[in-house]
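Okay, so the sequence shown: first residue is 0 according to numbering that gives the first Met the number 0, each after it adds one.
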Amino acid sequence: MTAKVPWVGTSWKMHKTIAEARAFAVALGRSRYAHLGSVRPFVIPAFPSIATVSGVLAGTSVLVGAQNMHWEDEGPWTGEVSPLMVKDCGAGLVELGHSERRAFFNETDETVALKVEAALRHDLIPLVCVGDTKDEYEAGRTADVLARQTRLAFGRVGELARGRALIAYEPVWSIGDGGVPASPEFADQQHRRLKAVAAEIVGAEPPVIYGGSVNLENCRELASRPHVDGLFIGRAAWDPGDFIDILDRVAGAPAA
0 MTAKVPWVGT SWKMHKTIAE ARAFAVALGR SRYAHLGSVR PFVIPAFPSI
50 ATVSGVLAGT SVLVGAQNMH WEDEGPWTGE VSPLMVKDCG AGLVELGHSE
100 RRAFFNETDE TVALKVEAAL RHDLIPLVCV GDTKDEYEAG RTADVLARQT
150 RLAFGRVGEL ARGRALIAYE PVWSIGDGGV PASPEFADQQ HRRLKAVAAE
200 IVGAEPPVIY GGSVNLENCR ELASRPHVDG LFIGRAAWDP GDFIDILDRV
250 AGAPAA
């Protein structure tokens, strides 16, 4: 069996000045994970820092991403950033459909699908976030919600997404302040189902990573689950030393 090479990344949300972002990138670029192939690290800064971070990490194995983008290449979209602009900053990945975008900025399954299509058109890796709310989880609707979000996200592209996309399962009840991490068993079960649903659309199982109260204590156990292809980490990875510590623990996790 081929050893699993997990994706491990962090989104900084609305944190870090350009100077702070540069310092993080410098520290990560000096670590062994800048060139070690046992994990696939990525960082997603705020828009003002993308060019700085991508410049520092150029020539390394660390992928840099953006937290959102518009689906049009240009136009009268005040305050938006296009796929061309994202690429021009040096990003190779774009996070789409995060629950905060859906809840506070009217992101819908339909606009996520448009953005997935635009990302692939410009050779950006779409990192599609899907997740269930607390009410949906308590009602036992998790699998149905994730299946719907996944089918709609990839419905416009189908097999064009094969081998070119990632999915992040982020339970809404598990992220942010007061979030409770999903159990490794529950996460693995949902990832298995997500892979099967996505494979019906894109023709192959995409990597599915878990995000939701991931920390130094639970990262290794989560990453070792057979259907968990990596981790998407928030505040526990905003210090470069902590992120590198998590990379150490995940790199040493047993292969599925």
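Don't be surprised by glycine CBs; every beta carbon is placed ideally from N, CA and C.
According to the Cβ coordinates, are residue i and residue j closer than 8 angstroms?
| i | j | result |
| --- | --- | --- |
| valine 52 | valine 63 | yes |
| tyrosine 209 | phenylalanine 231 | yes |
| isoleucine 200 | leucine 165 | no |
| glycine 91 | valine 111 | no |
| glycine 233 | threonine 9 | yes |
| valine 7 | valine 42 | no |
| alanine 146 | valine 196 | yes |
| glycine 157 | alanine 203 | no |
| glycine 139 | glycine 89 | no |
| leucine 215 | alanine 186 | no |
| valine 213 | proline 180 | yes |
| arginine 219 | arginine 191 | no |
| leucine 56 | alanine 24 | yes |
Report back the beta-carbon spacing between residue i and residue j to the nearest angstrom; my notes put them in contact at under 8 angstroms.
| i | j | result |
| --- | --- | --- |
| arginine 100 | glutamate 106 | 4 angstroms |
| proline 170 | tyrosine 136 | 7 angstroms |
| aspartate 134 | threonine 141 | 11 angstroms between Cβ atoms; not a contact. |
| isoleucine 174 | glycine 211 | 5 angstroms |
| histidine 121 | leucine 83 | 7 angstroms |
| tryptophan 11 | tryptophan 237 | 6 angstroms |
| leucine 126 | glutamate 94 | 5 angstroms |
| valine 85 | alanine 65 | 5 angstroms |
When DSSP builds the beta bridges, which residues end up paired with residue i?
| i | result |
| --- | --- |
| isoleucine 124 | Leu92 |
| arginine 163 | In DSSP, arginine 163 forms no bridge with anything. |
| valine 42 | Thr9, Val63 |
| leucine 215 | Looking at the DSSP assignment, leucine 215 forms no beta bridge with any residue, so it has no partner. |
| isoleucine 232 | Thr9 |
| tyrosine 168 | Val129, Tyr209 |
Considering only residues of the same chain and omitting the five flanking positions on each side of residue i, which have a CB-CB separation below 7 angstroms?
| i | result |
| --- | --- |
| alanine 33 | Leu27, Thr59, Ser60, Val61 |
| threonine 149 | Val129, Ile166, Leu193, Val196, Ala197 |
| serine 48 | Lys15, Ile17, Ala20 |
Below 8 angstroms CB to CB, which residues in the same chain sit around residue i once its five sequence neighbours on both sides are set aside?
| i | result |
| --- | --- |
| methionine 13 | Ala45 |
| valine 4 | Gly36, Ser37, Val38, Arg39 |
| glycine 154 | Ala112, Ile200 |
| glutamate 73 | Ser81, Leu83 |
| glutamine 189 | Thr141, Ala142, Leu145, Tyr168, Ala181 |
| proline 206 | Trp6, Leu165, Ile166, Asp228, Gly229 |
| alanine 22 | Pro239 |
Sorted by chain position, which residues of the same chain lie with C-beta nearer than 6 angstroms to residue i's C-beta, five sequence neighbours on each side aside?
| i | result |
| --- | --- |
| tryptophan 70 | Leu113, Lys114, Ala117 |
Quick one: is the Cβ of residue i within less than 7 angstroms of any heavy atom of the ligand ADP?
| i | result |
| --- | --- |
| phenylalanine 231 | Annotation note on the ligand ADP: not contained in the displayed structure, which lists no ligands. |
Spell out whether any CB of chain C is found under 8 angstroms from the CB atom of residue i.
| i | result |
| --- | --- |
| cysteine 218 | Among the chains in the structure shown there is no chain C, since it carries only a single protein chain. |
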